[in-house]
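The structure appears below as structure tokens.
Numbering (the working numbering), first residue to last: 3 to 168.
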């Protein structure tokens with residue numbers, strides 16, 4: 003499954019995430035990719051709202067992972083930031099497999115490592131024309147920026163084979 007869409011602004015990014023949330027079930031893994039400021043946290047905020055998570059969603063950059071418990075009987079959300087992780091072993095040390103039974107797991111910057119969590123996952127890439135791409139830049143903000151972006155979704159594995167996302 004592949005899907006591409008243009009998103010006009012951050013509100014459209016959140017609305018797209020709401021639509022994705024309606025398709026998810028416990029055990030689903032999303033690998034979220036995009037440069038600094040591309041909208042990864044905004045997407046996760048919209049996804050959380052769609053799942054019924056009421057806790058504030060912020061980037062887990064310095065804590066590596068946040069587990070957001072559903073306030074009622076819905077799916078939890080585990081939000082991981084793999085940017086500072088050195089590889090699969092460090093991601094495995096978070097023991098995310100135990101959360102798969104009742105959670106959706108979102109791994110920012112997880113491409114190349116988070117695929118090992120499951121045989122079926124969504125790879126969602128947010129592309130923003132003005133995003134920071136030069137790793138040597140030290141004067142930047144990773145805040146999501148209010149401008150258009152493109153989302154490219156690729157589903158891998160039997161869970162997503164032949165499905166339409168939105």
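Glycine included, each C-beta is placed from N, C-alpha and C at the ideal position.
Nearest C-alpha to residue 23 among 121, 107, 160: 107. Per the coordinates, the alpha-carbon of residue 78 lies some 7 Å from the alpha-carbon of residue 55.
Counting along the chain, the unbroken alpha helix (DSSP H) around residue 53 starts and ends at 42-53.
With a cut-off of 8 Å on Cβ pairs, the stretch 64-76 is not in contact with the stretch 42-49, counting fewer than three such pairs.
Looking at the DSSP output, residue 68 sits in a beta bridge with 81.
With respect to residue 125, residue 158 sits close: the two C-beta atoms are nearer than 8 Å. Per DSSP, the continuous alpha helix (DSSP H) segment holding residue 15 begins and ends at 12-23.
Residue 7 carries a strand assignment under DSSP once its states are collapsed to helix, strand and coil.
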